[in-house]
Structure formats: C-alpha cells, structure tokens
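Residue 1 is where the sequence shown starts when you use UniProt numbering, and the numbers rise one by one after that. Quick notes on the structure that follows.
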Amino acid sequence: MSSKDGTKDLGEPPPTLPTVGTNLTDLLIGKKITIRELGGCMGPIWSSYYDDCRCVLFMIDAARPTQISSSCVQLLSLLSAEQLAAAPVLVLFNKIDLPCYMSLVEMKSLFRIQDIISFAKQSITVVETSARDGTGLSDVLRWLQSSLQDLS
Ligand SMILES: Nc1nc2c(ncn2[C@@H]2O[C@H](COP(=O)(O)OP(=O)(O)OP(=O)(O)O)[C@@H](O)[C@H]2O)c(=O)[nH]1
Ligand SMILES: [Mg+2]
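So, in structure tokens, the structure goes:
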C-alpha cells in the first residue's frame, strides 16, 4: 500500500475484518501512541473509554449514506462528553475510493459538519480517506503528530 498523497511506502495493507470488541494498535511517530479502535456497534459503551482518551479519530463510512444520521448522533454525543471537552477531534470520511450515490459534498451537508465544527468546544478537523488506497493517511499522521505535540 502506498500513500497517494505522501511519499512513504506503507507496506502491504493488513487484512481487515469488521470490528467486534476493541483493538489496540501502537504507532511510533516520534513517540509511542496507542490507538484504541472501538466498533460502531459498541456505541453504547464508548464512554467507558473516554477517561483514557487524549484525542479522537471519528471514522464515518462515506459509502453508506444510510448511516449518516446515526453517525451524526454518535458524534454529537461524544462531543458533549465532559471528559472529551479538551480532546482534539479528527473526523474521517473513509472509503472515498468506493462509488456512492451521494456526493461527499451532499453527505457533509446532511451531516451538518460545518455547524458541528462551529458549535463544538473541541477543535475539529475533517479529512477524506481511503484505508484501501492510502488517500489521506499522511494527513492523519500529521494531525496525530501535531495534536499530541500540542497536548504534551
Ligand atoms: N473500499 C474500501 N474498503 C474499506 C475501506 N476501509 C475499510 N474497508 C473495508 O470495509 C470492511 C468492513 O470494515 P469497516 O467498514 O471498518 O466495518 P466495521 O469494522 O464493521 O465497522 P465498525 O464496526 O464501525 O468498525 C472491511 O472489509 C474493510 O477492508 C476503504 O477505505 N475502502
Ligand atoms: Mg472497523
């Protein structure tokens, strides 16, 4: 896998399966950071992990417009959590390599992403990604690096 918009060779894409439970992955970018992945269907218990959380990566499946409203409600509930009030948030519109009957512009407008950014306490950044072809991954790494720098 190569990063389309970066220079780094990211190696072979890892095999992926739908997320059931939680996955921990360590990244070494200057220092070690641990990413905890929580599946969408675990929404009701996400809050039990908020205390440990320094920043949030919120991934939306851009190929499934039918999930927009539930993703939006989940994001709003996360943004209103007291423990996450100071956590920078990166919203990823993922799977942009797949064709979808709704454009990304329409999708973001339905999501009211600009209103969410204006009214949230947190600093929110939006990025479009494809975990399949690497689009946007270098932006994600850059965001992680600078967000964690600001926090330490
Ligand atoms: N085409 C494409 N497929 C992807 C991309 N990212 C993940 N997938 C595939 O989508 C499938 C399901 O992954 P997810 O969308 O993460 O589904 P999930 O893990 O059940 O969703 P959660 O429970 O919310 O984590 C896997 O087969 C992945 O390989 C992408 O950017 N593009
Ligand atoms: Mg998953």
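Positions of the beta carbon are idealized from the N, C-alpha and C atoms, including for glycine. All values derive from a computational prediction rather than experimental measurement.
Problem - Buried versus exposed, by CB contacts within 10 Å (16 or more), SER69 - result: Label assigned to SER69: exposed.
Handout entry: Unbroken alpha helix (DSSP H) run spanning GLU128, endpoints
Key = Element bounds for GLU128: not the alpha helix (DSSP H) but the beta strand (DSSP E), 124-128.
Exercise for the section: Following the continuous alpha helix (DSSP H) through MET42, name the residue where it begins and the one where it ends. Expected result: MET42 -> no alpha helix (DSSP H), and no H or E assigned at all.
Handout entry: Nearest-angstrom Cα separation, counted from CYS72 out to ALA120
Key = 13 Å
Problem - Inter-residue spacing [alpha-carbon to alpha-carbon] between SER118 and SER77 - result: Their Cα atoms are separated by approximately 16 Å.
Exercise for the section: Determine the contact status of ILE124 and PHE93, defining contact as a CB-CB distance below 8 Å. Expected result: Taking 8 Å as the Cβ cut-off, ILE124 and PHE93 do not qualify as a contacting pair.
Practice task
Run the proximity test for ARG36: is its beta-carbon closer than 7 Å to any non-hydrogen atom belonging to ligand 1?
Solution key: Result no, Cβ not under 7 Å from ligand 1.
Exercise for the section: Report all residues from its chain with a CB closer than 7 Å to the CB of TYR49; omit the five preceding and five following residues, and keep chain order. Expected result: ARG36 and LEU38
Handout entry: Residues that DSSP places opposite VAL56 in a beta bridge
Key = VAL89
Handout entry: Selected residue, minimal CA-CA separation from GLU82, among THR66, ARG64, ALA63 and ASP51
Key = ASP51
Problem - 8 Å contact criterion, which CYS55 and PRO99 should meet: CB distance rounded - result: Going by Cβ atoms, the distance from CYS55 to PRO99 rounds to 31 Å, so no, they are not a contact pair.
Practice task
Indicate the three-state DSSP secondary structure (helix, strand or coil) for ARG36 in the structure shown.
Solution key: Of the three classes helix, strand and coil, the one that applies to ARG36 here is strand, per DSSP.
Problem - ASP61: CB within 7 Å of a non-hydrogen atom of ligand 1 - result: In this structure, ASP61 has its beta carbon less than 7 Å from a heavy atom of ligand 1.
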